[in-house]
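I have placed the structure first, in the form of structure tokens, so that the comments after it can refer back to it.
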Amino acid sequence: MAKLELQNLCKYFGDVKAVDNIDLTVEDGEFLTFLGPSGCGKSTTLFAVAGLDEPTSGRILVDDTIFYDAQEKISVVPERRNCGLVFQSYALWPHMTVRGNLSFPLQIRKIPKSEQQKLIVDALELVEMESYIDRYPHELSGGQQQRIALARTLVYEPKLLLLDEPLSNLDAKLRNRARRWLKKLQQRLGLTTIYVTHDQSEALSLSDRIAVMNNGRFAQLDTPEEIYRNPADVFVADFIGASNFLDGIVVQSSEDEVIVDVKNGNTVTATTRKALAKGDAVRVSLRPEDIQFSEQSGNPVDGQNTLSTTIVGRDYLGSRFQYFLDVGGAEVRIETEDDRPSGDATISFSAANCIAFPDDGVSPDSPK
Ligand SMILES: Nc1ncnc2c1ncn2[C@@H]1O[C@H](COP(=O)(O)OP(=O)(O)OP(=O)(O)O)[C@@H](O)[C@H]1O
Ligand SMILES: [Mg+2]
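Numbered according to the numbering used here, the sequence shown spans residues 324 to 691.
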């Protein structure tokens with residue numbers, strides 16, 4: 324059981340600020356996920372905790388033990404940090420059986436041979452792989468190898484579990500199963516866990532809290548529900564749920580709602596958490612699953628927006644369709660079971676489901 328604290332943590336690679344002044348407390352037994360695009364600093368932060376990469380400045384503490392303190396020049400070696408680290412490429416030793424793979428970390432820690440057998444069997448039972456103890460890695464499926472990689476870290480009873488995209492080598496179905504199983508195991512063991520992924524559905528389904536990362540910083544640190552429903556900015560709204568954006572100018576504003584002119588005579592009523600004034604440039608985010616085709620058109624009624632659009636593209640997704648719509652020159656993507664031909668269409672969506680953010684001129688995809 325352990326509580327992890329990062330204080331003012333920074334890591335530079337030359338001019339690149341891979342980790343930019345991060346403060347974080349991961350509570351005892353919490354499952355926290357770093358979620359963000361490639362290169363945003365997820366692995367660098369995780370490796371700093373494990374001791375595989377020395378930060379540039381800051382402090383790392385586990386309970387009352389200092390793992391790293393730049394000012395005091397303290398840096399505990401990885402073996403003494405007792406972190407269980409599992410990578411994307413789980414790299415079991417191919418020339419050793421499952422037993423050999425699990426006994427290796429115990430030998431490094433000088434655990435007597437007489438105690439090893441029980442620890443190995445216990446760890447394999449946790450991942451439901453005890454009957455595979457004498458197999459070689461090439462005799463196991465990808466998902467089974469993944470479990471052995473996890474058992475190899477659980478065998479020495481780590482204080483912290485650090486998982487860097489551990490399921491990304493599995494196919495979609497197996498990944499789903501492994502996800503549920505991993506969550507149950509983590510809860511049963513009460514292990515403080517940091518999980519790294521760029522898969523938003525994985526983050527939403529597994530985590531107690533998610534830190535959405537962008538350019539080495541936390542864009543938002545919150546529960547999955549809050550991050551999904553109340554994204555802090557355009558970057559988070561875009562990264563979680565692949566939102567559509569309508570750009571416009573505020574024509575009327577109240578405390579938590581604005582009316583936005585989104586060009587070509589269309590207006591949209593949107594919620595807002597930031598103070599916005601008449602004349603402000605804004606970006607209104609709107610999720611594909613929150614939009615429906617509608618038979619009526621005209622001005623917003625009862626918190627419901629309606630917009631005239633033209634269907635310019637359609638993809639069959641199996642259980643539903645994905646449409647690409649032209650809304651006054653902007654492209655809007657929607658997902659619905661509704662089967663429609665190309666041509667003009669009216670869409671509707673509730674004001675509660677669209678959020679207006681100040682337009683800071685930064686596209687979600689461009690580096691800041
Ligand atoms: N050893 C290194 N030398 C120089 N730059 C590095 C090094 N390791 C990482 N970086 C840079 O630091 C930044 C953060 O890298 P990091 O590996 O933490 O990203 P990530 O969020 O884990 O991305 P991914 O999802 O692709 O694994 C990137 O810009 C990367 O190019
Ligand atoms: Mg990485």
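All C-beta atoms in this analysis are idealised placements derived from N, C-alpha and C, irrespective of residue type, glycine included.
A quick note: this is a predicted structure, and the numbers were derived from the prediction, not measured.
Glu525 counts as buried, since no fewer than 16 other beta carbons sit within 10 angstroms of its beta carbon. At a cut-off of 6 Å, the beta-carbon of Lys365 counts as near ligand 2: some heavy atom of the ligand is closer than that.
If you look at Pro681, you'll find it in the beta strand (DSSP E) that goes 677-681. According to DSSP, Ile443 shares a beta bridge with no other residue. Bridge partners of Ile389 according to DSSP: Leu384. The beta carbon of Phe390 is closer than 6 Å to those of Ile383, Val399, Arg404 in its chain, skipping five residues each way along the sequence. Within a 10 Å sphere around the beta-carbon of Arg500 sit fewer than 16 other beta-carbons, which makes this residue exposed. Fewer than three pairs of CB atoms, one per stretch, sit closer than 8 Å, so the region 546-563 makes no contact with the region 577-593.
DSSP places Phe562 in the helix class (H, G or I) of the three-state scheme.
Put simply, the region 447-460 does not touch the region 479-492. Fewer than three CB pairs are less than 8 Å apart.
Contact between Gln627 and Ser576 does not hold, since the beta-carbon distance rounds to 19 Å and is not under 8 Å.
When DSSP reads this structure, Gly636 sits in a beta bridge with Phe647. Relative to the Cα of Asn331, the nearest Cα in the group Arg540, Ile471, Cys406, Ala604 belongs to Arg540. Under the three-pair Cβ rule at 8 Å, the region 600-609 counts as touching the region 568-575. Inclusion of Thr516 and Phe354 in the CB contact set at 7 Å is warranted, their separation being smaller than that value.
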